[in-house]
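Let me begin by presenting the structure, written as structure tokens, before commenting on it.
Numbering (my numbering), first residue to last: 21 to 423.
Below is the structure:
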């Protein structure tokens, strides 16, 4: 038996379970722990390197049985794919956003019924960005080895240490989920956490080349014609990176792209004189860049999103800070992680829209339970119908403004 064959056998089985047995047990139990290892450096999209899955022992709350499967060497992923796409099976992950988009693309599935322990932690009094090892130790007292955390998962053969490390990432995940669910049920926040987890089902790494320009820094400050050039350059860069499986920034950085769009060079020599543009861009891709610039000059300038049309003014800063203090007070009272409720971008959009008398912006702070928790009061505060004061007992208090 070769080293590669030995590695495949070790990676494909753990605790004596075959993939078919694991799938059967997951269906009987109604849930599955899942994790992936991938490599994203130097690529347009991450390369899936390992898939780890675990199921609970029958009739026991002991540590789950973990399995490690190797997509690089190849395995029949259909039994796992069917589980992940089955709404009757709860799939437990930790910080699973990247896992979801990778498996959606690699396996052609729509993941369903996800429970993310990192998200759940944010509703249970922990940070919603807590790493798996730290959260596991705090909630269950289990400490994981970090020996193989930073490793090249795309290299073969894998070592037994790497396989054990990968397996350990899922073997305690179900117990962690159970402990967090108990806390969330006691606080009445389990459905809030599930609602947030459902958002994972919508995640995708698909990017429309004709829309990626909207994420460029300071693109809203460009003149309309330069904005059209930025759109064409961004679309060309996106398609080139996808075709060559390279990060978009390795073709042309965001900052350099915006500057090229602003200056619109008409010759390769002019292109190379722009700060941030590497010399090899002109040599290798100069003609393609100039063609994209020419297309942009002839194109209809694209419209900005409503929220992009107005940058915050200096006078907005104290209003944003005031809103942030109210949000922090409310999340502290509720035992929630701040990042689950609002971001600075959310609060900026709310403040700018209120100042300009525009409709409410479509931000998460003004939707669903977040609106009930604090969003509606932020609107009342900015409309002058509520005031904020320091509460002697701690935090801040909101008071109605009299007629």
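We treat Cβ as the ideally placed atom computed from N, Cα and C, and that holds for glycine.
Remember, predicted model here, so these are calculated numbers, not experimental data.
Beta carbon of residue i nearer than 8 Å to that of residue j
i, j, result
"residue 53", "residue 74", "yes"
"residue 324", "residue 240", "yes"
"residue 415", "residue 352", "yes"
"residue 129", "residue 105", "yes"
"residue 69", "residue 233", "no"
"residue 418", "residue 347", "no"
"residue 112", "residue 194", "yes"
"residue 196", "residue 242", "no"
"residue 101", "residue 138", "no"
"residue 7", "residue 295", "Past the edges of the chain, shown from 21 to 423, lies residue 7, and the structure says nothing about it."
From the options, residue whose alpha carbon lies closest to that of residue i
i, options, result
"residue 219", "352, 57, 131, 415", "131"
"residue 312", "376, 98, 284", "284"
"residue 318", "224, 394, 248", "248"
"residue 269", "236, 293, 288, 378", "236"
"residue 382", "394, 366, 389", "366"
"residue 134", "51, 388, 295, 346", "51"
"residue 208", "265, 140, 104", "140"
"residue 424", "282, 277, 77", "Past the edges of the chain, shown from 21 to 423, lies residue 424, and the structure says nothing about it."
"residue 162", "188, 410, 364", "188"
"residue 281", "321, 299, 100, 262", "321"
"residue 165", "385, 346, 289, 181", "181"
"residue 309", "256, 72, 194", "256"
"residue 286", "307, 199, 86", "307"
"residue 183", "410, 55, 363, 341", "55"
"residue 364", "387, 337, 349, 350", "337"
"residue 275", "244, 99, 238, 117", "238"
"residue 94", "127, 116, 117", "127"
"residue 373", "339, 388, 392", "339"
"residue 201", "262, 142, 231", "142"
"residue 121", "153, 67, 262", "67"
"residue 65", "262, 99, 153, 410", "262"
"residue 250", "123, 314, 212, 410", "314"
Whole-angstrom distance between residue j and residue i, CA atom to CA atom
i, j, result
"residue 27", "residue 179", "With a pLDDT of 44 at residue 27, under the threshold of 50, the modelled position of that residue is not reliable, and no figure is offered here."
"residue 408", "residue 402", "11 Å"
"residue 92", "residue 380", "48 Å"
"residue 246", "residue 316", "8 Å"
"residue 37", "residue 109", "19 Å"
"residue 375", "residue 48", "56 Å"
"residue 226", "residue 412", "50 Å"
"residue 63", "residue 390", "37 Å"
"residue 35", "residue 125", "Note that residue 35 scores a pLDDT of 49, beneath 50, so its modelled location is shaky and nothing firm can be said."
"residue 223", "residue 214", "15 Å"
"residue 377", "residue 405", "15 Å"
"residue 46", "residue 394", "39 Å"
"residue 299", "residue 272", "11 Å"
"residue 333", "residue 86", "54 Å"
"residue 21", "residue 177", "With a pLDDT of 33 at residue 21, under the threshold of 50, the predicted position of this residue should be treated as unreliable, though the coordinate-derived value follows. Each residue's Cα considered, the two are about 13 Å apart."
"residue 82", "residue 76", "7 Å"
"residue 40", "residue 90", "15 Å"
"residue 185", "residue 151", "15 Å"
"residue 84", "residue 210", "23 Å"
"residue 368", "residue 349", "18 Å"
"residue 289", "residue 252", "20 Å"
"residue 422", "residue 331", "32 Å"
"residue 97", "residue 107", "18 Å"
"residue 302", "residue 264", "17 Å"
"residue 397", "residue 387", "13 Å"
"residue 198", "residue 341", "37 Å"
"residue 384", "residue 117", "18 Å"
"residue 57", "residue 103", "19 Å"
"residue 392", "residue 206", "20 Å"
"residue 335", "residue 244", "27 Å"
"residue 61", "residue 175", "13 Å"
"residue 30", "residue 99", "Caution is warranted here: a pLDDT of 42 is assigned to residue 30, below 50, making its placement in the model unreliable, and the coordinate value is therefore given only provisionally. Each residue's Cα considered, the two are about 19 Å apart."
"residue 212", "residue 203", "13 Å"
"residue 399", "residue 221", "30 Å"
"residue 430", "residue 420", "Lying before the first or after the last residue shown, residue 430 is absent from the chain, which here runs from 21 to 423."
"residue 231", "residue 190", "37 Å"
"residue 431", "residue 153", "Outside the modelled stretch of the chain, which goes from 21 to 423, sits residue 431, for which no answer is possible."
Supposed close pair residue i, residue j - CB separation, criterion 8 Å
i, j, result
"residue 371", "residue 343", "6 Å"
"residue 171", "residue 192", "Incorrect: roughly 20 Å between the Cβ atoms, too far for contact."
"residue 229", "residue 259", "5 Å"
"residue 136", "residue 217", "5 Å"
"residue 72", "residue 88", "5 Å"
Cβ-heavy atom distance, residue i to the ligand FAD, below 7 Å
i, result
"residue 396", "Absence of the ligand FAD is noted for the structure shown, with no ligands found whatsoever."
Neighbour flag for residue i against chain C, beta carbons, 8 Å
i, result
"residue 291", "You won't find chain C in this structure, because it holds only one protein chain."
query: Are there three or more Cβ pairs, one per stretch, closer than 8 Å when the stretch 347–358 is compared with the stretch 136–154?
result: yes
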